[in-house]
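In my numbering, each number is its position in the sequence shown, counted from 1, plus 3.
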Amino acid sequence: MNISTHYNITEGELKDKIILVTGANRGFGRAMTLDLAKAGATVIMLGRDLGSLETAYDEVVDLGYQEPVLYPFDLEGATPEHYEQLQANLLENFSKLDGLIHNAGIIGTMMPIEQYDIKLWYSTMQINVNGPFMLTQFLIPVLSKSDDARILFLSSSVGREARAYWGAYGVSKFAIEGLSKTLSEELEKTNIRVNSLDPKRMRTKMRQIAYPAENIENNPLPEALSPAIVYLMSERAKTLNGEQLTLEV
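Below you can see the structure in the form of structure tokens.
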């Protein structure tokens, strides 16, 4: 299902919404954080690099948008105890969560499965799959306290149609698609809606790593695509559940 990126954000349309974004410190995560805050949501900015989180935080505040909350968190090294503490902090400070956007991820390396570095495989799967699984599991009780909650998994075309040499990244995105679909079925009769999203190509460092010969200037900036995230968190997308969404520029 295609989702247009040409969405006009209305001031205050996400007022009183609490939305957690992983990898909120750079690239698409930073862009969606800015637009969600512009729409009035309180964004919990989760990432492992405190310096870049603070830079993105300052951008939001300087623009006069809804002030976000910083939450330094390492998906690769986090234990169940860290996720339990995050759950407790959210319940204590916000009492609910209206959105969970799984944006953080690493690309690993491009090589045949036969030659793939085992340590890098584990690291990629930890950040791209195991982290989102644990984060979701611990935050479902917090999302359940919202009247209208959303979980959005950022995916990729290589997680919907297999492509050689994409290794752990491609496999991780297939896993994310499966996790998203399974959750959407399990939570179908609740207040939580679950979808996956392929944002397609954009001008990010990850894209440059994957396609080093590509002219990056031909790709849209993350800021051109992020208004669609506000739409997906808004009342207008309330009925979407179990969908494999794709951004359409």
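Just so it is clear, CB atoms sit at the ideal spot from N, CA and C, and this is done for glycine as well. Because the structure is a prediction, the values reported are computed rather than measured.
Looking only at its own chain, which residues have a Cβ that is under 6 Å from the Cβ of residue i, when we skip the five neighbours before and after it?
i	result
I47	L23, V72, Y74
L248	M4, I6, N198, L200
G111	L123, T127, G170, A171, Y172
N244	S187, R196
T25	L49, H105, N106, A107
E238	none
F177	G162
R51	D77
By the 10 Å Cβ neighbour count, where 16 or more other Cβ atoms means buried, how is residue i classified, buried or exposed?
i	result
H105	buried
E246	buried
Y125	exposed
Q69	buried
V233	buried
K20	buried
M38	Per the sequence shown, residue 38 should be read as Asp rather than Met. With 16 or more other Cβ atoms within 10 Å, it is buried.
S98	exposed
V145	buried
I130	buried
K41	buried
G80	exposed
I121	exposed
T242	exposed
R153	buried
D101	buried
L138	buried
L103	buried
G162	buried
L190	buried
R29	buried
A165	exposed
Thinking residue i and residue j are a contact (beta carbons under 8 Å), I'd like their distance in whole angstroms, please.
i	j	result
N194	S149	6 Å
L260	G134	Outside the shown range of the chain (4 to 252) lies residue 260, about which nothing can therefore be said.
L17	M236	6 Å
S183	V132	Contact doesn't hold; Cβ gap of about 11 Å is too wide.
L142	Q90	6 Å
V63	T45	Rounded, the Cβ-Cβ distance is 10 Å, inconsistent with contact.
T8	E251	7 Å
Could you name the residues of the same chain whose beta carbon sits closer than 7 Å to that of residue i, not counting the 5 residues immediately before and after it, in chain order?
i	result
A240	Y234
E226	A34
P115	Y168
I10	The amino acid occupying residue 10 in the given sequence is Tyr; Ile does not appear at that position. Closer than 7 Å at Cβ, skipping near neighbours: P230, A231, V233, Y234.
E87	F141
Y60	M48, P71, L73
Can you list, in chain order, the residues of its chain with a C-beta nearer than 8 Å to that of residue i? Leave out the 5 residues immediately preceding and following it.
i	result
F31	N106, L157, P202, M205, T207, P225, L228, S229
I253	The requested residue 253 is not part of the displayed model; the chain covers only 4 to 252.
E57	L73
In the segment 33–99, which residue ranges form an unbroken beta strand (DSSP E) of at least 3 residues, counting only runs that do not cross its ends? List check, beta strand (DSSP E) in window: 45–50, 72–75.
Report the start-end ranges of each beta strand (DSSP E) in the segment 161–203 that is 3 residues or longer and not cut off at the edges. Correct list: 195–201.
Are at least three pairs of beta-carbons, each pair with one atom in the segment 142–162 and one in the segment 180–199, less than 8 Å apart? Yes, the segment 142–162 is in contact with the segment 180–199.
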